[in-house]
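Student:
In our numbering, the protein residues as written are 127 to 353.
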């Protein structure tokens, strides 16, 4: 059960700060580490600010649903937990290179059913693009090929998730936020992190004038350069 300090955690950033306090220096260093000058790690999060949401108005959003499918399997919302290493730092029971359009087409030719657009949390190689910046390119490259595209990297809020979904992702994956939840309160902490993201995504979806994940139009998301 969460302590009083854990019950006050209401944002993903709250979980990050609390996890830093609870984890060993070795554990925090491992989870927070990134390659080179950490530019890809930082940009994977900052890149979301390069995109804006253009809400639709005068729409009935009383009834909303976050449900969708991943490879034909129904899920309650398009936010999943990414595979992560060294979970033992967070809890005793614990335990995609950057994509480009050409690589996506090669994967489709090889018969894959899904592609994860990822920079491996900025740990694999510094200087590669933020996943959100190449997402639309990958989606376009495999359009009509029956390949689902997911995005992993930098998602820290439901609004971030909405932007990725609007750019064509079938679902998004979270890595570090799930580990922070695990460090704070084990499996219950992970559930709380997912609940926060669910609430934020549902709120953003409604304010944007959408009633479901399938109702998100491509025109909802644009780069700031459109202004």
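We put the beta carbon where it would ideally sit given N, CA and C, even for glycine. This one's a predicted model, so the numbers in the text were calculated from it and none came from an experiment.
For a test of the three-state rule: what should DSSP assign to residue 266, helix, strand or coil?
Tutor: On the chain shown, residue 266 is found 140 positions in, with the first residue counted as 1. In this structure, residue 266 counts as helix in the three-state DSSP scheme.
Student: Give every residue of the same chain whose Cβ lies closer than 6 Å to the Cβ of residue 202, excluding the five residues on either side of it in the sequence, and list them in chain order.
Tutor: Indexing the chain shown from 1 puts residue 202 at position 76. Correct list, in chain order: 193.
Student: Give me the residue from 341, 176, 171, 180 with the minimum Cα distance to residue 351.
Tutor: Here residue 351 refers to the residue found at position 225 when the chain shown is read from its first residue. Nearest C-alpha to residue 351: 176.
Student: Kindly list the residues whose CB is nearer than 8 Å to the CB of residue 136, restricted to its own chain and excluding five residues on each side of it in sequence; keep chain order.
Tutor: Taking the chain shown and counting its residues from 1, the one referred to as residue 136 is at position 10. Excluding sequence neighbours, residue 136 sits near 322.
Student: Can you tell me where the beta strand (DSSP E) holding residue 195 begins and where it ends?
Tutor: Locating residue 195 in the chain shown gives position 69, counting from the first residue. First-last of the beta strand (DSSP E) with residue 195: 194 to 196.
Student: Leaving out five residues on either side along the sequence, give the residues of the same chain with a beta carbon under 6 Å from the beta carbon of residue 338.
Tutor: Taking the first residue of the chain shown as 1, we reach residue 338 at position 212. So the list reads 191, once near-sequence residues are dropped.
Student: Where does residue 294 sit, in a helix, a strand or coil, going by DSSP?
Tutor: Here residue 294 is taken as the residue at index 168 of the chain shown, counted from 1. Correct three-state label for residue 294: coil.
Student: For residue 344, collect the residues of the same chain with a Cβ closer than 6 Å to its Cβ; drop the 5 residues on either side in sequence, then sort them by chain order.
Tutor: As a working note, residue 344 is residue 218 in the chain shown. No residues qualify anywhere along the chain.
Student: Assuming residue 145 and residue 262 make a contact with CB atoms under 8 Å, what is their CB distance in whole Å?
Tutor: If you number the chain shown from 1, residue 145 lands on position 19. If you number the chain shown from 1, residue 262 lands on position 136. Between residue 262 and residue 145 the Cβ distance is about 32 Å, and since that is not below 8 Å, they are no contact.
Student: When you compare the CB positions of residue 256 and residue 348, do they come within less than 7 Å of one another, or not?
Tutor: Here the question's residue 256 lines up with position 130 in the chain shown. Here the question's residue 348 lines up with position 222 in the chain shown. No.
Student: Could you check whether residue 326 and residue 284 sit closer than 7 Å to each other, using their CB atoms as the reference points?
Tutor: As a first step, residue 284 must be located in the chain shown, where it is residue number 158. As a first step, residue 326 must be located in the chain shown, where it is residue number 200. Against a cut-off of 7 Å, the Cβ pair of residue 326 and residue 284 comes out as a contact.
Student: For residue 153, count neighbouring C-beta atoms within 10 Å of its own C-beta (all shown protein chains included) and say buried if the count is 16 or more, exposed if not.
Tutor: For the purposes of this step, residue 153 is identified with residue 27 of the chain shown, where counting begins at 1. Looking at its Cβ environment, which holds 16 or more other Cβ atoms inside 10 Å, residue 153 is buried.
Student: Which residue from 296, 183, 341 puts its Cα closest to that of residue 265?
Tutor: The count along the chain shown starts at 1 and reaches residue 265 at position 139. If we check each option's Cα against that of residue 265, 296 comes out closest.
Student: Can you find the residues in the same chain that come closer than 8 Å, C-beta to C-beta, to residue 170, ignoring five residues on each side of it along the sequence?
Tutor: Numbered from its first residue, the chain shown carries residue 170 at position 44. The residues are 245, 247, 248, 256, 257, 258, 279, 280.
Student: Taking the alpha helix (DSSP H) that residue 393 belongs to, which residues open and close that run?
Tutor: Beyond the ends of the chain as shown, which are 127 and 353, falls residue 393; an answer cannot be given.
Student: With distances taken between CB atoms, is the gap from residue 254 to residue 166 smaller than 7 Å?
Tutor: Here residue 254 is taken as the residue at index 128 of the chain shown, counted from 1. Here residue 166 is taken as the residue at index 40 of the chain shown, counted from 1. Yes; because the gap between Cβ atoms is below 7 Å, this pair is in contact.
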